[in-house]
Amino acid sequence: MLFILLLAISLSIDALGIGLSYGIRNISTPLFSKCILLLESILFMTFFIAIGNHITLFLSNQTANTLSIILLLFMGLWLCYQSIQKKENQNHDSIEMVRNPSYCDKDNSSHIDAKEALSLGLILSIDSMGAGIGAGAAHISIVLLPIFTSIFQILFLSIGIYCGKHLKNCCSIKENIWTAFSGCILIMIAFIRFLC
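According to our numbering, the stretch in the sequence shown is residues -12 to 183, in order.
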């Protein structure tokens, strides 16, 4: 259960940075958009874990466990690298939307509509792909992880928006900090699994 909670938090912490960016820029996320994010997150994470589970049918337990550690470590390093790229590239194109999901408000309406919520959910899910497959290879629950991940994503997004609105006059918190933090948690989980 501890691994599931840590993994869910790691895969969701990016949403806190996105929420802070939204709050600072007065971008709101209606309940319907949050429901879309919730369902999309559950579906993608379930799919990624199922892929990981099927991979283990062709591999020994030891090989599957090693694969899950490698995938978790790779995703952690990738997120850390991505956080550096966020600072270097500030173009508002489709690639930048992947690096900075707060740019999903493409029409500058100051709220995330259903279509933009689908884009945001897809981007957040892409970041979870490797870790989700790794979790499946490690036989982590196909039910609990998607539920916890989606709940934490909505919770962190909401907290981020609330805090961002109160922080906008005080300071600006970079989105890439949370991406790096998420990557560090994944790296830590990979090392814990390697040592256990």
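Here a beta-carbon is modelled for each residue, glycine too, at the ideal position from N, C-alpha and C.
As assigned by DSSP and simplified to three states, the class of S169: Counting from 1 along the sequence shown, the entry for residue 169 is found at position 182. Reduced to three states, the DSSP call for S169 is helix.
Buried/exposed call for P133, threshold 16 Cβ in 10 Å: Position 146 of the sequence shown, counting from 1, holds the residue named residue 133. Buried.
According to DSSP, residues forming a beta bridge with S15: Working through the sequence shown from its first residue, we reach residue 15 at position 28. Paired residue(s): H98.
Cβ-Cβ distance between T16 and I99 below 9 Å: As a position in the sequence shown, residue 16 is number 29, starting the count at 1. As a position in the sequence shown, residue 99 is number 112, starting the count at 1. In contact: T16 and I99 (Cβ atoms closer than 9 Å).
Reduced DSSP secondary structure (H/G/I, E/B, other) of I179: Counting from 1 along the sequence shown, the entry for residue 179 is found at position 192. If DSSP states are grouped into helix, strand and coil, I179 belongs with the helices.
Whether F35 touches A122 by CB criterion (9 Å): Residue numbering aside, residue 35 sits at position 48 when the sequence shown is read from its first letter. Residue numbering aside, residue 122 sits at position 135 when the sequence shown is read from its first letter. Going by C-beta atoms, F35 is nearer than 9 Å to A122.
Buried versus exposed call for L58 [16 or more other C-beta atoms within 10 Å across all chains shown]: Your numbering for residue 58 matches position 71 in the sequence shown. Burial call: buried.
7 Å CB neighbourhood of G151 in its chain, flanking five on each side removed: Walking along the sequence shown from the start, residue 151 turns up at place 164. For G151, where only same-chain residues beyond five positions count, the Cβ hits under 7 Å are G6, L7, S8, Y9, G10, I11.
Beta-carbon proximity list for R180, same chain, < 8 Å, skipping 5 on both sides: For this step, residue 180 is matched to residue 193 along the sequence shown. Cβ within range, chain order: F(-10), N52, S55, I56, L59, A125.
Enclosing alpha helix (DSSP H) for H153 [first to last residue]: As a working mapping, residue 153 is identified with position 166 in the sequence shown. Run containing H153: 131 to 154, per the alpha helix (DSSP H) assignment.
Rounded separation between L(-8) and N13 - CA only: The residue given as residue -8 occupies position 5 in the sequence shown. The residue given as residue 13 occupies position 26 in the sequence shown. Looking at the two C-alpha atoms, the distance is approximately 30 Å.
Simplified DSSP state of A124, which is helix, strand or coil: Within the sequence shown, residue 124 is the residue found at index 137, counting from 1. Judged by DSSP in its simplified three-state form, A124 adopts helix.
Identity of the residue in L173, F143, H153, M175 nearest D1 by Cα: Stepping through the sequence shown from its first residue, residue 1 is reached at position 14. If we check each option's Cα against that of D1, F143 comes out closest.
Three-state secondary structure assigned by DSSP to L185: This structure cannot settle anything about residue 185, because the visible part of the chain is limited to -12 through 183.
S47, DSSP secondary structure in three states: Within the sequence shown, numbered from 1, the residue matching residue 47 stands at position 60. It is coil, neither helix nor strand.
Alpha-carbon spacing of S169 relative to N48, whole angstroms: Counted from its first residue, the sequence shown places residue 169 at position 182. Counted from its first residue, the sequence shown places residue 48 at position 61. Approximately 27 Å, taken between the alpha carbons.
Same chain, Cβ closer than 6 Å to I172, neighbours up to 5 away in sequence not counted: For the purposes of this step, residue 172 is taken as residue 185 along the sequence shown, with counting starting at 1. Within the same chain, I172 has close Cβ partners S(-3).
Simplified DSSP assignment, three categories, for M(-12): Taking the first residue of the sequence shown as 1, we reach residue -12 at position 1. In this structure, M(-12) counts as coil in the three-state DSSP scheme.
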